[in-house]
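Numbering (the working numbering), first residue to last: 3 to 122.
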């Protein structure tokens, strides 16, 4: 199963992450997060890898997050509700989101040093 990188084509950080991966020779399946958001199973995997820290999975600085008032709802919501929000609006998810189920790896947001340490 290939690594999957969820991103948004108009996001410069997502484009930088894909360029970095390509330069390192790391093959990923790139998916547009708005059109093909992560599955509930992928989101559950990511949330677990993030130590259950819900806010790390969400783009808390995004307009969608603010307009839906999720700041006040995120802690009390059931996990399946969190995942449904992202399924309905992919941009609620922090991006880029790199998932490698085979290596038990999740990286959220592009930080070259962290990605280098995790991916070599």
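Backbone N, C-alpha and C fix where the C-beta goes; we use that ideal spot for every residue, glycine too.
Bear in mind that the values here come from a model prediction, so they are computed numbers and not experimental data.
| Item | Value |
| --- | --- |
| Straight-line Cα distance separating residue 39 from residue 52 | 18 Å |
| Range of the contiguous alpha helix (DSSP H) that encloses residue 14 | 14-25 |
| Check whether residue 9 and residue 114 have beta carbons under 7 Å apart | no |
| C-alpha gap between residue 86 and residue 75, whole angstroms | 13 Å |
| Nearest residue (CA-CA) to residue 46, options 34, 59, 36 | 59 |
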